[in-house]
Structures are given as C-alpha cells and as structure tokens.
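One structure is given here, and the rest of the page talks about it.
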C-alpha cells in the first residue's frame, strides 16, 4: 500500500486561553529549548507505544494465536517511500499503469493497516471504529499523550491531503462522545489556494496549528525533525497490525460458529 506523505513537523501553538489550562505534560518526552517552544519527542512517545504493542503481541501469541505479519504493496515511484524497490520493479511500473485507488480498495478493509480503504475512510468520517491512517493517528496520540486540550479550541490544519490533512481534521473536530472519540475542536483546513492574508488571520486566532513548517519562535509545543511525527507513524502502523490480526481472527471464529450452527462444520 502506498505510504502517506510524512509531515516534517507538528507545531502546537497554544495561546493564552490554552495556557490558562492546567497542562501537566510528563517530562520524559518533553524538553524545553531556551525560551522557545517545548519540544515533544515523537521518538520517545513512539517507543512507549511500541512497547505497549510488543506486550500485546506477546500476550496474543502466548494465547496460542499466530504472530501477526505485515505485508506491503508498493505503488508509484516516490523515492522517499520506495527507495528500496529494485530497478527492475521500477522499470516495470514505468510501462504499466496502476490505479492507486483500486489497489487500496482491493485490500480487505479488515487488513488495511494504512486505513486507506474506502470503507475505513467512511467509518472514520462517521466517527466509527476503523483502521486510522498511521500519520494522522500518530499526531492525535501526540496531542492526547502530551495533555494538550482540544475541546472547544480553534485548530488550523495546513494541508488537505486525503492521507494526512483530512484525517487529522476529522479526528480533531469530531464528537468526543461518539464511538470513535474525537477532539471536539473547531477546525479550519488551509491549502495552497488559501490566500496568505486569510491564512494569517486563521493562525492568529488558532490555539493549535498543525503544519509541516517550523514555527519554533511562536509555538508553545513543537515536534523535532527527525524524531517527531515520523516515529509515531511507524508505531501506529504496528498498533494497527495487531488490531487487524485480532479482528480477522474474530471474523474467522464467527464464520466457524455460523457453519456449526448450520450443521456444516464437522466436529
């Protein structure tokens, strides 16, 4: 599956309204940089999440289940995502048209750990449980685990890509009381056609700005490059893998039970 374009930085700009909140972020993943922004270590957060996933996998295997495996389908010629693809594979792709959307939808939504399948995208937009795209989920986990409040806050998301910008906006603005809790924020999505003067007005009013641009001098919290959102993307992909493994097993168990009820399965 095609890898999402990674955001080079994640900036949280907390204004006075946010600063009045009782934020008590844990020090093990935060570091002050002089009088500038507080740096959030995505690498340390990712290590914490991967440790949680490792424990979950070991418990899963100890219960007699098969160890989960991750398969990857590469589409396109993005060197950042496909640098290890052999030259012969690249040559073949040059002469063969591949429909990225068809490839994404050909994968079972229950095994779609990238969260790109149209069913998973639809469920995410309806605030239902689904496979979430790894990069937006990583950003969301950084916000939650750092203790940054989002309820009622103004958020500006720079970028409207279907793999990063749009999902981040969905996670932040949707209802926190729904099946898949959201951030209850007011979200504005900007893009390349947003006039600069309008973007300036939006960011001045924003409590949180999520972008790929470094704004350390003005931000309250910021993630470094490298060691920010990138490691979180990988960690959330691992988390999606164990979630998918458990979901597929539950589906298989239901199918066996259904066959037994119909008297088809043998003892």
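In the numbering used here, the protein residues as written are 209 to 475. Here a beta-carbon is modelled for each residue, glycine too, at the ideal position from N, C-alpha and C.
Please report how far the alpha carbon of residue 398 lies from the alpha carbon of residue 255, in whole angstroms. Here residue 398 refers to the residue found at position 190 when the chain shown is read from its first residue. Here residue 255 refers to the residue found at position 47 when the chain shown is read from its first residue. One C-alpha to the other measures close to 31 Å.
Considering only the alpha carbon of each residue, which of 392, 386, 455 lies closest to residue 380? Locating residue 380 in the chain shown gives position 172, counting from the first residue. For the residues 392, 386, 455, the minimum Cα distance to residue 380 belongs to 392.
Which residues bound the alpha helix (DSSP H) around residue 362? The residue labelled residue 362 in the question sits at position 154 within the chain shown. No alpha helix (DSSP H) contains residue 362, which is instead part of the beta strand (DSSP E) from 362–366.
At least three beta-carbon pairs within less than 8 Å, the region 305–319 to the region 360–369: No, they do not touch.
Quick one: what does DSSP say residue 418 is sitting in, helix, strand or coil? The residue given as residue 418 occupies position 210 in the chain shown. In the displayed model, residue 418 falls within a strand according to three-state DSSP.
Decide if the region 332–349 is in contact with the region 435–444; the criterion is three or more beta carbon pairs, one per stretch, under 8 Å apart. yes
Which ranges would you report for the alpha helix (DSSP H) in the region 363–402 if only whole runs of at least 4 residues count? Runs of the alpha helix (DSSP H) lying entirely within the region 363–402, each at least 4 residues long, are 373–381 in chain order.
Might you give, ordered along the chain, the residues of its own chain that have their beta carbon closer than 6 Å to the beta carbon of residue 231, omitting 5 neighbours on each side? What you label residue 231 is simply residue 23 of the chain shown in a count that begins at 1. Confidence at residue 231 is low in this model, with a pLDDT of 36, below 50, so its placement is unreliable and the value that follows should be read with caution. Excluding sequence neighbours, residue 231 sits near 355.
How many angstroms separate the CA atom of residue 294 from the CA atom of residue 369? Numbered from 1 along the chain shown, position 86 holds the residue referred to as residue 294. Numbered from 1 along the chain shown, position 161 holds the residue referred to as residue 369. Note that residue 294 has pLDDT 44, beneath the 50 cutoff, so the model's placement of it is unreliable and the number below is only indicative. Answer to the nearest angstrom: the Cα atoms are 28 Å apart.
Check this for me: beta carbons of residue 441 and residue 342, under 7 Å apart or not? The count along the chain shown starts at 1 and reaches residue 441 at position 233. The count along the chain shown starts at 1 and reaches residue 342 at position 134. With respect to the 7 Å criterion, residue 441 and residue 342 are classified as neighbours on the basis of their beta carbons.
Indicate whether residue 431 and residue 364 have their beta-carbon atoms separated by less than 7 Å. Translated into positions along the chain shown, residue 431 becomes position 223. Translated into positions along the chain shown, residue 364 becomes position 156. In terms of Cβ geometry, residue 431 and residue 364 do not form a close pair [threshold 7 Å].
Taking its Cβ as the centre, do 16 or more other Cβ atoms sit within 10 Å of residue 235, making it buried, or is it exposed? Residue mapping note: residue 235 aligns to position 27 of the chain shown, counting from 1. Legend: pLDDT at residue 235 = 41, less than 50; position of this residue unreliable, value from coordinates given subsequently. Residue 235 comes out exposed.
Using the Cβ count rule (16 or more neighbours within 10 Å means buried), how would you classify residue 443? As a working note, residue 443 is residue 235 in the chain shown. Counting Cβ neighbours within 10 Å, residue 443 comes out buried, since at least 16 surround it.
Secondary structure of residue 412, DSSP reduced to three states: As a working mapping, residue 412 is identified with position 204 in the chain shown. Correct three-state label for residue 412: helix.
Near residue 470, what residues of its chain come up, given a Cβ to Cβ distance below 6 Å and the 5 sequence neighbours on each side ignored? Along the chain shown, one-based indexing puts residue 470 at 262. Same-chain partners within the cutoff: there are none.
Taking the C-alpha atoms as reference points, what is the distance between residue 272 and residue 334? If you number the chain shown from 1, residue 272 lands on position 64. If you number the chain shown from 1, residue 334 lands on position 126. Each residue's Cα considered, the two are about 35 Å apart.
Which first and last residues belong to the alpha helix (DSSP H) in which residue 455 is found? Sequence index remark: in the chain shown, residue 455 carries index 247 (1-based). First-last of the alpha helix (DSSP H) with residue 455: 437–469.
Between residue 352 and residue 250, what straight-line distance do the alpha-carbon atoms span, to the nearest angstrom? For the purposes of this step, residue 352 is taken as the residue at position 144 of the chain shown. For the purposes of this step, residue 250 is taken as the residue at position 42 of the chain shown. Spanning the two alpha carbons is a distance of roughly 12 Å.
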